[in-house]
Every structure is written in C-alpha cells, then in structure tokens.
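Contents: one structure, followed by commentary.
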Amino acid sequence: MTVRTTKSTVTFANAFMLGDFDEMLPPGQYDVEIDEELLEGLSFDAYRKVLTLVHLPAKSGHPSLSRTLTINPGELDAALTRDAAASDQASARKAPKAKPKPGEAEIDRRAMDRAEDEGMIVQPH
Numbered sequence: 004m005t006v007r008t009t010k011s012t013v014t015f016a017n018a019f020m021l022g023d024f025d026e027m028l029p030p031g032q033y034d035v036e037i038d039e040e041l042l043e044g045l046s047f048d049a050y051r052k053v054l055t056l057v058h059l060p061a062k063s064g065h066p067s068l069s070r071t072l073t074i075n076p077g078e079l080d081a082a083l084t085r086d087a088a089a090s091d092q093a094s095a096r097k098a099p100k101a102k103p104k105p106g107e108a109e110i111d112r113r114a115m116d117r118a119e120d121e122g123m124i125v126q127p128h
C-alpha cells in the first residue's frame with residue numbers, strides 16, 4: 004500500500020476544540036500532517052485520508068515540551084468549517100449597518116401609512 008504525507012499549516016481565527024480532545028485550543032497557526040493511502044485497482048490515482056496529525060504549541064513555561072494530536076481526518080475539516088462560520092458571524096455583527104439614502108426613510112414611512120390605511124397591521128422592525 005502506497006502512503007503519501009502532506010504537510011501544511013492551518014489557521015484558526017477563534018478558539019476551538021478537536022475531536023475527543025477536551026482542551027480548548029487558542030486561535031493561531033498549526034502545523035498539520037495528513038497521511039493518505041493510494042486506493043488500489045482504479046484507472047486513476049486516488050487517495051484516501053487515513054491519519055491527521057496536528058502539532059500543538061508547547062504550553063507556556065515548558066517550551067521544550069511539544070505535543071502532537073492524532074485525530075480522525077474529518078475532524079480537522081469540521082473544526083475549520085466551524086471556525087469559518089464563527090468568523091463570518093462575528094464579521095456580520097461588526098459590519099456597519101447601511102444608512103438609508105436620502106428620501107428612503109420618507110418612502111418607507113409612506114408605504115407603512117398606505118398599508119395601515121388598507122387595514123393591514125404593520126409591525127415595526
């Protein structure tokens with residue numbers, strides 16, 4: 004069985020957890036190694052992830068003690084997806100709300116008045 008190893012760096016913008024590891028990891032960059040095995044019997048090369056290693060920074064006070072976390076290959080993808088979603092939500096909350104163009108507020112008020120005149124119940128936003 005042929006195995007290849009790919010090394011990369013991933014970045015988390017928010018604190019996160021991986022798999023069954025019960026420690027909250029801080030945001031930052033993490034070195035990752037992914038082992039993939041060649042799927043035999045196909046007319047083209049295809050690989051399947053079989054192992055993912057995430058190298059964790061040493062805890063403060065013990066810079067020489069590094070740690071490596073072995074996780075299910077899909078757990079890293081899931082954690083990165085959750086991190087991206089959390090970052091998108093944070094960005095949406097921080098985005099300035101668009102101010103109405105001159106005259107838009109007046110048009111909205113008139114539309115609400117017409118709706119009320121037609122017997123419709125208008126609830127403010």
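Numbering of the sequence shown is given in the working numbering, commencing with residue 4 and proceeding in unit increments. Here a beta-carbon is modelled for each residue, glycine too, at the ideal position from N, C-alpha and C. Everything numeric in this text was worked out from a predicted model, so none of it was measured.
Beta-bridge partners of Arg51 (DSSP): Glu40.
Measuring C-alpha to C-alpha distances from Lys52 to each of Tyr33, Leu79, His65, Thr71 identifies Leu79 as the nearest. Distance from Met4 to Leu59 at the Cβ level is roughly 28 angstroms; contact not present, criterion being Cβ atoms closer than 8 angstroms. Contact annotation: the region 30 to 45 does not touch the region 61 to 70, with fewer than three C-beta pairs closer than 8 angstroms. Counting other Cβ atoms within 10 Å of its Cβ, Val57 reaches 16 or more and is therefore classed as buried. Shown here, Leu83 sits in a helix according to DSSP, grouped into three states. Within the same chain, Ala18, Met20 come within 7 angstroms of Met27 by CB-CB distance, once the 5 residues on both sides are set aside. Take the alpha-carbon of Thr84 and the one of Val13: they are about 12 angstroms apart. Rounded to whole angstroms, the gap between the alpha carbons of Gln32 and Ser46 is 37 angstroms. Gly31 carries a strand assignment under DSSP once its states are collapsed to helix, strand and coil.
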